[in-house]
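First up is the structure itself, then whatever we jot down about it.
This is the structure we're talking about:
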């Protein structure tokens, strides 16, 4: 069971307090009607699903109830960082280079 | 290649089995093949086998970064059934079901298909409605499936607790009698040996690191840990790693890879005659030929390639097993492991062409790919050989996510009201 | 009752406390402190089981949890055994005996000494690795009927319990600074060091007593005291420290992500008369800041012909039985070894009174001091000598010796013995390190894999990381303990322990031992339980299996209940030789949890019956139960399903309830519906985006039916929404959908629409909902309502008012209907709900009304053609499919799911549409889920037009009615279609999906 740091509560709590919300930074288009079917399908369904660092959404559902983002390595399952919703996505490639060192 | 039989076994016993040869070769890669299959799991090996056997395409390599059959093929709970809801799924899985029945004879490799019957339990009024809908739909399609009362379910599976003293009492069950289990490793090995006999090169410990494309955008071959290998047609059958491989060709996929766990008990004498599945309480149980209770647990909620999962996923399933089969509470978990399942938004696979000419994909089987192994290989081989999908896999396109023509087996079981 | 192999003195057993138990029905005596294995050996019983495949007689091999052979069925008493409550496959080496304990051998019939299944051993020339893949294919029909049942009955070990388990299990969550797994010298030193620095420590050990090798270390001294005295002092110190938790009989079985570990504690199985209040076992789920793995090393068998005979035992096990339990494993003992430690075992046993017939060391040049000591004891020593065979079927009688030379192996005669101790050296126990995903490093000079760099917050100490010798192990443990404590912020000096004795044991052997026997005929076992021989491993390689994973699966080596703890390294070595590859290239199979098998009940803990899943009950539940209601499970809720009166079946009860609601009034508990309060200046805009409907113009005090889609455009949920103020809405959801809907709303609000000023609060538990439906509904509630004008003009259909009932109890009163009748839903605080319900009930009864359940609710709504999400819809249905385009706000630029509704397949011709169906004969009730076709008797494989979603006997329509989803259904109204059933097709007419009051006039009375 993962141990997850909630940036809103400032504490670590076990995974069962959280719900994973899938890949982060897939913004809903402001004008969905302007997208063609292919673009809309990309938004709805296409995911990077990387073997490596992934920015993903978590919600502290049995805590503060708030969403936040986390960068996690999908092979080791270790968290690299957490940050609040609305903050920009860290440079995953740079983080990966750091992690490799 | 030696044909397997009791007499051959007895003959070889005379010389203490010194005379058995390799079941498959250990070839070095050739510079070029007509078709490269990426992934030597059951689906990939079956694809190669049927390419050679049904379509005469024998200049084929199957590339495997680890060892053949080492992914989900060797990690699943081996349930085989075809009582799916939608016509598209019925067609896909029932063709596989037909192939399972004679697969040992077809491959001359005993894959131990055991038609023990798969019973799916209903615990709520909603479950009853859903499963009866399956039974009616299956009957019309000619797919075996029948409805059992709780008492009939108990008669078919005596350890089942149909008492009212459990949290979600059993209200009935859908039973497919010819469904069952098979020996997973033997399926991979049988197809490997079969494909090898037709001249297919199975190249293990050969990781694909890139997909090379020609000027016109079509596939020209793959970069591997053993150098470049040319091919005009490449079929990706990489299960949990499909996104990673497809990314090499610049194709994004509607997939997420999740850990899926399973476990076995210590072996005991035969005590469990069939396969029981319960979606509502999350329990999947059968007994292997060795006597182990084989139990399927759930998926973790996050993307992971770690082949491990959380304890809470396992315990949740064991809870359900103990609730339905209270005599198994004193049994013990011997081994618990994880696989990586590639899941599509509608929980149905993608089998067909991709936007890249010459690149084909067979993926997204989620938690249920083993049962389709023969059929999946059969239709994928057809798709690659003819450059167009077989009638059966025609609906399972990547394009359905654009059009919205989803084949949503999971939604059909959604609980509300 | 004699214990003829018991020594006169020594050991940690309590000779004053005899214990009586049975094995295979025969009564034996042991002492308190014995394991079943030590007690049986004391009685000279070696033969305890039969192997898995060949049913070969097998004896006790080890003294620990890695035991592959001595697996028995155990019950607290013979009576429980006979009633089918025995636990199968317990290791006799772990079972502590108590008075009355009844154990039975397994995998034999009719008896252990005469087993019909042993015919398999005669067929072993055929039954080699993977033989079943090559045969049993002809004739095909024989597989399921003959071959497979035969294979299955021969396989398996013990018998599963037949009766439900009556014992209980418990669960504990814990946190600590340092978890120490293993209480041998390394673990003890680590625990002492960490505890002295102030860290919170958990020390767990799978054995009944802490101490590991110190429990059988004879002659060693620590800090000037005998090891056992030092051990007692160390345990006293740890026991007195309130920050230390000592867990004996507790196996650290799983090492998960982020230093989460699972432990299984055996609480009462060792007691003759346990307190019934105590659990049988307890699972500990521990989040440890640091972990010290001190899991020791496991002695490795030698692979020589007939090495599986009863009486062949690990050398260290022999030493443990002699020193710790006061039991000699035999009267006349041979030792086969490649490792120093077996010599010391021989010396200890000799001192305890056992006769050592010979020590045969594979090494040409074993240490001189050992040889000298053997000479002093008068023990024959053979150097460069292998055991090449064992004579004796159910017990060792003789061993064959062979001298190893450049020319091969030459016979060196036979020795009469009744026990053979063997040692191929030690395998560091890296299981937990590997479970934690730490890599393993191959150490060619030690012939062992050792822990590589840790991945998690962990370290290894002692012999599990290849450190040998008591003094070195203690120092390594102290180092690891301080390192762990320091890592979590505690400071302390590294304690120093002065130790003598317990010397390191050099020497090892991997793989098959050479011999001079007929290779085609003899079998040397690698995996005892699964009957895998060295030849099987070579055969697998010959057949093309290259990876150790293939070899494991093909031969089943390492897949027995010891998970390869004894066999893996030998199998790997043999495979590596056959492949001509180095061991690391062949690979090591992955270590997985659990470390040793864990009881299902321990994993399930308290989760059974009502604790399996929380039960949610409404405040009206007890009332309904008293009225004799039947209940159904909907999500976590128990909902009243119907209220049978005087012997009514469900059908009669529902028919009466339906009639009563339409004729007078019915009372329905709608508390389970989800409720969400949506508040804020942008509340209406939020609803605009979340629901298909428009909300801006909904007046305060008005209700509107809301339809919710997922982003894919399919119906996800529905419910009635009331506007209480400009900035306040009361939203209702389906019962099962409530958590999903709130999560969906929060997701969009928090992550997509941070521009909106809105708050969402679940109020499902804040309001109990009493639905009163029927033409007399107003009469039923009017006397109870304090301050709301109920007249049709003041409070029309689809309105909401806030006010009070029964003299000041606040309520939100909805005028709405899910039945087609005029009706109200009284939302009140749950604490007052029962009283209000009973007050309304009194009026309802006076008016000739009734209480009704979910089934009647379903019928009444179906008569009106109202959908139920999850019944008419199945996740593939759009608003248009169910005729609800009216619920879509056409002028809204966007809402969740809107874009998807324009996708090609969602606007395609021929989608399934909701219609009504009436059976032509007016009598037949269709089955829900039944398929609908054009043809009366469709050919197999015909595509269905759709299916029946709801079907009921309708008292109002006077006939059965049904709703269905039919391709192009709305254009087929008036057509005759068929519902094909096993006994023939049923003709149905397609009709509009409304069967009662199509104009809706009854709503507005």
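Chains as they are written, first to last, in this note's numbering: chain E, 1 to 101; chain B, 10001 to 10417; chain Z, 20001 to 21005. From the three backbone atoms N, C-alpha and C, an ideal C-beta is built for every residue, glycine too.
Check	Outcome
Residues in the stretch 10368 to 10393 of chain B with C-beta within 7 Å of chain Z's C-beta atoms, listed in sequence order?	none
On a CA-only basis, which of 20531(Z), 20340(Z) and 20259(Z) is nearest residue 20118(Z)? Give me that one, please.	20531(Z)
Can you give me the C-alpha to C-alpha distance between residue 10264(B) and residue 10316(B), rounded to a whole angstrom?	15 Å
Does the stretch 20646 to 20660 of chain Z come close enough to the stretch 20865 to 20872 of chain Z that 3 or more CB-CB pairs lie under 8 Å?	no
Return helix, strand or coil for residue 20020(Z), following the three-state DSSP convention.	strand
Can you have a look at residue 20888(Z) and say buried or exposed, based on whether 16 or more other CB atoms are within 10 angstroms of its CB?	buried
Grouping DSSP H, G and I as helix and E and B as strand, with all else coil, what is residue 10163(B)?	coil
Closer than 6 Å by C-beta to residue 20900(Z): which residues in its own chain qualify, once you throw out the five before and the five after it? Chain order, please.	20712 and 20713
Residue 20921(Z) to residue 20137(Z), Cα distance in whole Å?	53 Å
Got a sec, what are the start and stop residues for the alpha helix (DSSP H) residue 20571(Z) sits in?	20568 to 20579
I need the straight-line Cα distance from residue 20418(Z) to residue 20395(Z), nearest angstrom please.	7 Å
Nearest-angstrom Cα distance between residue 20821(Z) and residue 20642(Z)?	19 Å
Does any residue of chain B have a CB that is nearer than 9 Å to the CB of residue 20870(Z)?	yes
Beta carbons nearer than 9 Å to chain B: which residues of the stretch 20608 to 20632 of chain Z have them?	20608, 20609, 20610, 20611, 20612, 20613, 20615 and 20632
Please list the segments of the beta strand (DSSP E) lying wholly inside the stretch 20869 to 20932 of chain Z, counting only runs of 3 or more residues, in order along the chain.	20912 to 20919
Quick test of your reading: residue 20703(Z) and residue 20720(Z), contact by CB under 8 Å. State the CB separation rounded to the nearest angstrom.	5 Å
Would you list, in sequence order, the uninterrupted beta strand (DSSP E) runs of no fewer than 3 residues that lie entirely inside the stretch 20702 to 20762 of chain Z?	20703 to 20709, 20715 to 20725, 20728 to 20733 and 20759 to 20762
Listed in chain order, which residues of the stretch 10329 to 10340 of chain B have Cβ atoms closer than 7 Å to some Cβ of chain E?	none
Does DSSP put residue 20352(Z) in a helix, a strand or coil?	helix
Distance, Cα to Cα, residue 10296(B) vs residue 20548(Z)?	25 Å
Classify residue 20272(Z) as helix, strand or coil using the three-state DSSP reduction.	coil
Under 9 Å, Cβ to Cβ, is there at least one residue of chain B near residue 20642(Z)?	no
Could you round the C-beta distance between residue 20126(Z) and residue 10013(B) to whole angstroms and report it? I think they count as a contact, below 8 Å.	5 Å
Beta strand (DSSP E) containing residue 10036(B): first to last residue?	10032 to 10038
Enumerate in chain order the residues of its own chain whose CB-to-CB distance from residue 20606(Z) is below 8 Å, with the five nearest sequence positions on each side excluded.	20168, 20169, 20170 and 20171
Going along chain E, which residues have a C-beta under 7 Å from residue 20766(Z)?	Neighbours of residue 20766(Z) on chain E: none; closest Cβ ~17 Å, over 7 Å.
If you measure from the beta carbon of residue 10253(B) to each beta carbon in chain E, is any gap under 9 Å?	yes
Given that residue 20256(Z) touches chain E, what residues does it touch there, using C-beta distances under 8 Å?	1
Buried or exposed: residue 10001(B), going by 16 or more other Cβ atoms within 10 Å of its Cβ?	exposed
Which class does residue 20339(Z) belong to by DSSP, given the choice of helix, strand or coil?	coil
Just curious, the alpha helix (DSSP H) that residue 20371(Z) is in, first and last residue?	20368 to 20377
So, are the CB atoms of residue 10148(B) and residue 10324(B) less than 9 Å apart?	no
If contact means a Cβ-Cβ distance below 7 Å, which residues of the stretch 38 to 50 of chain E contact chain Z?	40 and 44
By Cβ distance, which residues of its chain are closer than 6 Å to residue 20662(Z), with the 5 residues on each side in sequence left out?	20956
Using a Cβ cut-off of 9 Å (strictly closer), state whether residue 22(E) contacts chain B.	yes
Thinking just about the alpha-carbon of each residue, which of 20238(Z), 20263(Z) and 20209(Z) is nearest to the one in residue 20603(Z)?	20263(Z)
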